[in-house]
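Written below as structure tokens is the structure these notes are about.
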Amino acid sequence: AAAPAAAAPAAKGGARPALEKQNSMQQRKQCADLSGDDVEHFLGHHPYVKGFAPTKADVELYSQLSDSHFPETPNLRRWFDHIESFSATERASWPAA
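Position 85 of the sequence shown, counted from 1, bears residue number 94 in the numbering used here, the numbering being contiguous throughout.
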């Protein structure tokens, strides 16, 4: 009887993260074409440009910002410093978006 009781909370808790994950996936698809304030907002809820894992999209944006200017907004600056902490070799190994 203890096993079904343990399974019930997991099912309840699993429903909400699934919804949040679905919303996050929708946001990730949109992020590819975002710039400026939209990227700043997205990075307020996600550690990487495409969501929760680094990709070539992070490398591309990092390169653009490195060539143009240091980010001034807090989330983009945090993201930039984080991406900069990886070596060029590590960044080159990230998968395509």
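Positions of the beta carbon are idealized from the N, C-alpha and C atoms, including for glycine.
Bear in mind that the values here come from a model prediction, so they are computed numbers and not experimental data.
Specify, as a first and last residue, the run of the alpha helix (DSSP H) that residue 71 falls within.
By one-based count along the sequence shown, residue 71 stands at place 62. Residues 65-77.
Who pairs with residue 60 in a beta bridge, going by DSSP?
Taking the first residue of the sequence shown as position 1, residue 60 is located at position 51. Residue 60 is bridged to 57.
Which residues bound the alpha helix (DSSP H) around residue 97?
Counted from its first residue, the sequence shown places residue 97 at position 88. First-last of the alpha helix (DSSP H) with residue 97: 97-101.
Under three-state DSSP, which class holds residue 49?
Numbered from 1 along the sequence shown, position 40 holds the residue referred to as residue 49. Reduced to three states, the DSSP call for residue 49 is helix.
Residue 89 and residue 71 look like a contact to me (Cβ under 8 Å); what is the Cβ gap, rounded to whole Å?
As a first step, residue 89 is located in the sequence shown; it is residue number 80 there, counting from the start. As a first step, residue 71 is located in the sequence shown; it is residue number 62 there, counting from the start. Correct: roughly 7 Å between the Cβ atoms.
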